[in-house]
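Asks: The structure under discussion is supplied below as structure tokens; questions concerning it will follow.
Number of protein chains: 4
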Amino acid sequence: MTTASAPAASAAHEHAGHESAAHEHAGHESGDTACDRGQHGYISDKARYLARLKRIEGQARGIHRMVDEEQYCIDILTQISALTSALQGVAVGLLEDHLRHCVTDAVGVGGEVAEQKIKEASQAIARLVR
Amino acid sequence: MTTASAPAASAAHEHAGHESAAHEHAGHESGDTACDRGQHGYISDKARYLARLKRIEGQARGIHRMVDEEQYCIDILTQISALTSALQGVAVGLLEDHLRHCVTDAVGVGGEVAEQKIKEASQAIARLVR
Amino acid sequence: MTTASAPAASAAHEHAGHESAAHEHAGHESGDTACDRGQHGYISDKARYLARLKRIEGQARGIHRMVDEEQYCIDILTQISALTSALQGVAVGLLEDHLRHCVTDAVGVGGEVAEQKIKEASQAIARLVR
Amino acid sequence: MTTASAPAASAAHEHAGHESAAHEHAGHESGDTACDRGQHGYISDKARYLARLKRIEGQARGIHRMVDEEQYCIDILTQISALTSALQGVAVGLLEDHLRHCVTDAVGVGGEVAEQKIKEASQAIARLVR
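Residue numbers (numbering that gives the first Met the number 0), protein chains in the order written: chain A, 0 to 129; chain B, 0 to 129; chain C, 0 to 129; chain D, 0 to 129.
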């Protein structure tokens with residue numbers, strides 16, 4: 000079980016790590032927000048996010064088990080809707096923390112730094128909305 | 000990791016189990032579709048659904064790790080959007096199989112059995128759309 | 000106002016009309032469901048759908064006016080969310096009626112006719128979910 | 000047609016007007032961002048938003064006509080999906096402008112003014128995502 004999913008997990012992770020590196024690079028150029036130094040908005044609430052994501056992992060595992068045990072399709076769909084809602088809740092929370100810290104810091108710096116963070120946040124919102 | 004999330008997983012599972020029992024009960028009353036006897040539409044494709052859900056579990060675990068490693072907020076949001084899309088893909092697939100098998104069977108029986116399955120499928124669609 | 004929007008409306012209409020013609024063509028080949036003869040599922044409830052869509056048109060006009068009067072951005076977003084919900088409600092209703100009539104009829108015919116309608120409904124669900 | 004929908008349009012408008020009044024009141028208390036004085040972020044792009052919303056109105060009218068002319072259910076659903084996408088595009092655009100102007104201004108003021116605008120924007124995002 001763990002073995003089978005490990006590649007997917009680490010692929011997602013490496014991918015994100017790669018993008019993150021790109022951001023850090025951008026950070027090195029602009030170099031002046033707490034966010035660029037890796038002090039992200041959600042960190043003050045990290046334990047709570049980890050707990051929520053642990054529950055989400057459990058929900059994903061529960062849905063896998065429901066299919067494995069050949070439970071009723073509609074019940075599985077109900078759990079998928081619940082998991083989707085939980086994910087959207089985490090995403091909206093992360094976005095709020097991101098606005099409160101990273102974007103706020105970037106606005107303090109102003110100019111291109113601010114503009115870039117606002118554009119980036121808007122694109123993330125667009126991906127969540129669609 | 001496994002220990003911490005186990006309660007959430009089994010809670011989701013028990014809940015579904017409970018609803019499933021209610022459906023089986025309804026099945027005993029109407030008694031005559033393959034679906035009521037536990038031969039759900041997705042079963043012919045079960046291995047593929049299990050593989051997709053395994054990847055989804057891996058994606059959820061990857062997002063947990065990103066927060067734990069304090070990666071960039073926007074990268075985490077990107078992964079949440081990808082996971083949400085993957086879940087919606089599974090949901091739409093399950094619904095299609097459900098229409099093809101369970102609802103089709105119920106339509107063959109007709110009357111209240113058909114009407115109940117159509118109403119139930121529509122409510123599941125409404126939960127996915129919102 | 001009416002003049003400016005007329006091209007968009009009729010473009011949408013012509014586009015749909017074109018697709019509709021394709022469906023009618025498919026209907027002529029299979030030729031045997033009420034749906035293929037234009038007796039769509041929602042028709043028994045047509046007056047209620049027209050009233051809901053009239054309100055939706057009014058909501059769209061209200062949002063246009065809010066921008067024209069330079070009202071507060073967040074209030075406009077609230078109205079866009081309300082309009083989106085209203086549209087999703089109509090879509091779920093139409094889908095339910097479509098399952099109850101067109102898909103049910105096609106299932107009665109069986110074979111390719113049934114399969115095609117189920118595939119088509121699933122694709123429509125996928126477009127609504129994403 | 001126009002007459003029937005007028006009450007809905009003005010109801011939406013009055014409702015928004017009411018909320019707007021509440022915001023203006025809050026603005027009078029904090030009193031110091033361009034946004035509070037009615038210079039909203041989207042205004043520099045107002046003509047383009049009005050044109051997009053005009054098209055959206057036309058799309059809504061087109062869907063009403065499709066039901067009136069008893070067109071094929073699935074074609075109507077396709078148009079509803081297109082209209083929903085168009086609305087989401089406008090919403091994401093308004094949010095981006097709101098972040099760039101109103102939220103940025105509020106961050107400049109700092110303290111409660113900034114916090115309130117960030118909370119309000121996050122709630123608007125939550126309504127769009129769900």
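Idealized CB from N, CA, C, for every residue including glycine.
No experiment lies behind these values; they were computed from the predicted model shown.
1. Considering valine 112/A, what are the terminal residues of the alpha helix (DSSP H) in which it resides?
2. Does the beta carbon of glutamate 111/A come closer than 9 Å to any beta carbon on chain B?
3. Taking only beta carbons into account, state which residues of the stretch 47–68 of chain A come closer than 7 Å to chain B, listed in chain order.
4. For histidine 27/D, which residues in the same chain have their Cβ closer than 6 Å to its Cβ, ignoring the five residues on either side in sequence?
5. Report the residues of the stretch 91–121 of chain D with a CB closer than 8 Å to any CB of chain A, ordered along the chain.
6. Measure the C-alpha to C-alpha separation of isoleucine 75/D and isoleucine 124/C and round it to an integer number of angstroms.
7. Where does glycine 37/C fall in DSSP's three states?
8. For leucine 93/D, which residues of its own chain have a beta-carbon under 7 Å away from its beta-carbon, when the five flanking residues on both sides are left out?
9. Hey, quick one: how far does the alpha helix (DSSP H) through aspartate 67/A stretch, first residue to last?
10. When you compare the CB of arginine 126/C with every CB in chain D, is at least one pair closer than 9 Å?
11. On a CA-only basis, which of Ala113/D, His100/D, Gly109/D is nearest aspartate 44/D? Give me that one, please.
12. In three-state terms, what does DSSP make of glutamine 70/C?
13. For threonine 32/C, which three-state DSSP category applies?
14. Residues of chain A with CB under 9 Å from glycine 40/B, in chain order?
15. How many whole angstroms separate the CB atoms of glutamine 58/A and alanine 33/A, which I take to be in contact at a CB cut-off of 8 Å?
16. So glycine 37/D contacts chain C; which residues on that side make the cut at Cβ distance below 7 Å?
17. Would you kindly work out how many angstroms separate the C-alpha atoms of glutamate 69/A and threonine 103/D, rounded to a whole number?
18. Name, going along the chain, the residues of the stretch 73–90 of chain C whose beta-carbon falls closer than 8 Å to a beta-carbon of chain D.
19. Are leucine 98/C and serine 121/B closer than 9 Å when you measure CB to CB?
20. Taking all protein chains shown into account, decide if glycine 61/D is buried (16 or more other Cβ within 10 angstroms of its Cβ) or exposed.
21. List, in chain order, every chain B residue whose beta-carbon is nearer than 9 Å to that of alanine 33/A.
22. Within 10 Å of its beta-carbon, does arginine 54/C have 16 or more other beta-carbons around it, so buried, or fewer, so exposed?
23. Given leucine 52/A, which residues of its chain have a CB within under 7 Å of its CB, disregarding the five upstream and five downstream residues?
24. Distance check for threonine 83/D and glutamine 87/C, CA to CA, integer angstroms please.
25. What's the call for alanine 46/A, buried or exposed, on a 16-neighbour Cβ count within 10 Å?
26. Does the separation of the CB atoms of tyrosine 48/B and valine 66/A fall below 9 Å?
27. Quick check: what's the CA-CA separation for aspartate 35/B versus histidine 63/A?
28. Since cysteine 56/C and glutamate 56/D should fall inside the 8 Å C-beta cutoff, what is the C-beta to C-beta distance between them, to a whole number of angstroms?
29. Kindly list the residues whose CB is nearer than 7 Å to the CB of alanine 81/A, restricted to its own chain and excluding five residues on each side of it in sequence; keep chain order.
Replies: Let me lay it out:
1. 110–128
2. no
3. Tyr48, Leu49, Leu52, Lys53, Arg54, Ile55, Glu56, Gly57, Gln58, Ala59, Arg60, Gly61, Ile62, His63, Arg64, Met65, Val66, Asp67
4. Low local confidence applies: a pLDDT of 37 at histidine 27/D is under 50, so the model's placement there is unreliable, with the coordinate-based value given in what follows. Correct list: empty, nothing qualifies.
5. Val91, Leu94, Glu95, Leu98, Arg99, Val102, Thr103, Val106, Gly107, Ala113, Glu114, Ile117, Lys118, Ala120, Ser121
6. Isoleucine 75/D and isoleucine 124/C: Cα-Cα distance of roughly 12 Å.
7. coil
8. Tyr41
9. It spans 45–67 - the alpha helix (DSSP H) in which aspartate 67/A sits, taken as one unbroken run.
10. yes
11. His100/D
12. coil
13. coil
14. What glycine 40/B touches in chain A: Cys72.
15. Not quite, the Cβ-Cβ distance comes to about 33 Å (not below 8 Å), so this is no contact.
16. Taking a Cβ-Cβ threshold of 7 Å, the residues of chain C close to glycine 37/D are Glu69, in chain order.
17. 52 Å
18. Ile73, Asp74, Ile75, Leu76, Thr77, Gln78, Ile79, Ser80, Ala81, Leu82, Thr83, Leu86, Gln87, Val89, Ala90
19. Result yes, Cβ atoms of leucine 98/C and serine 121/B sit closer than 9 Å.
20. buried
21. Ordered by position in chain B, no residue passes the 9 Å Cβ test against alanine 33/A, which lies about 12 Å from the chain.
22. buried
23. Val89
24. A direct Cα-Cα distance of roughly 8 Å separates glutamine 87/C from threonine 83/D.
25. exposed
26. Contact annotation: tyrosine 48/B and valine 66/A have beta-carbon atoms nearer than 9 Å.
27. Approximately 21 Å, taken between the alpha carbons.
28. For clarity, residue 56/C is glutamate in the given sequence; the question names cysteine instead. So it is a contact: roughly 7 Å between Cβ atoms.
29. Gln58
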